[in-house]
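Just so we're aligned, residue 30 is where the sequence shown starts under my numbering, counting upward by one. Take a look at the structure below.
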Amino acid sequence: MANPKWKTSKSKTRKRRSHHALKPQGLSTCKNCGEIHLPHHACPSCGFYDGRQAIEPRATSAASTDFSVE
30 MANPKWKTSK SKTRKRRSHH ALKPQGLSTC KNCGEIHLPH HACPSCGFYD GRQAIEPRAT
90 SAASTDFSVE
């Protein structure tokens, strides 16, 4: 099996890994309600995709989280 003949320098290693950084996620704006959502996905707040109702909208955050202490 082949082995490296010389040690790879720190700069050479770091130049090779320069593209490994995480990039910010691309987001789209809903044409129906104006909320931000993932591209090519139905809007989670109104349920619209491509100008039509694709899914049932998610319940509001205040109604879905009940933190009452008894």
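By construction, the Cβ of each residue, glycine as well, lies at the ideal position given by its N, Cα and C atoms. Given the structure is predicted, the values throughout are model-derived calculations rather than measurements.
Beta-bridge pairing of residue i - partner residues as DSSP gives them
i: Gln82; result: Phe77
i: Gln66; result: Sequence inspection shows His at residue 66; the Gln mentioned does not correspond to that position. Per DSSP, Ser57.
Residues near residue i by beta carbon distance below 8 Å, same chain, minus five either side
i: Cys59; result: Ile65, His66, Cys72, Ser74, Cys75, Phe77
Nearest neighbour of residue i, chosen from the options [CA to CA]
i: Cys62; options: Asn32, Gln82, Lys41; result: Gln82
i: Asp79; options: Pro68, Ala88, Pro33; result: Pro68
Reduced DSSP category for residue i - H, G, I as helix; E, B as strand; rest coil
i: Thr37; result: coil
i: Arg43; result: helix
Own chain residues within Cβ distance below 7 Å of residue i, not counting five before or after
i: Ile84; result: Ala71, Gly76
i: Arg46; result: none
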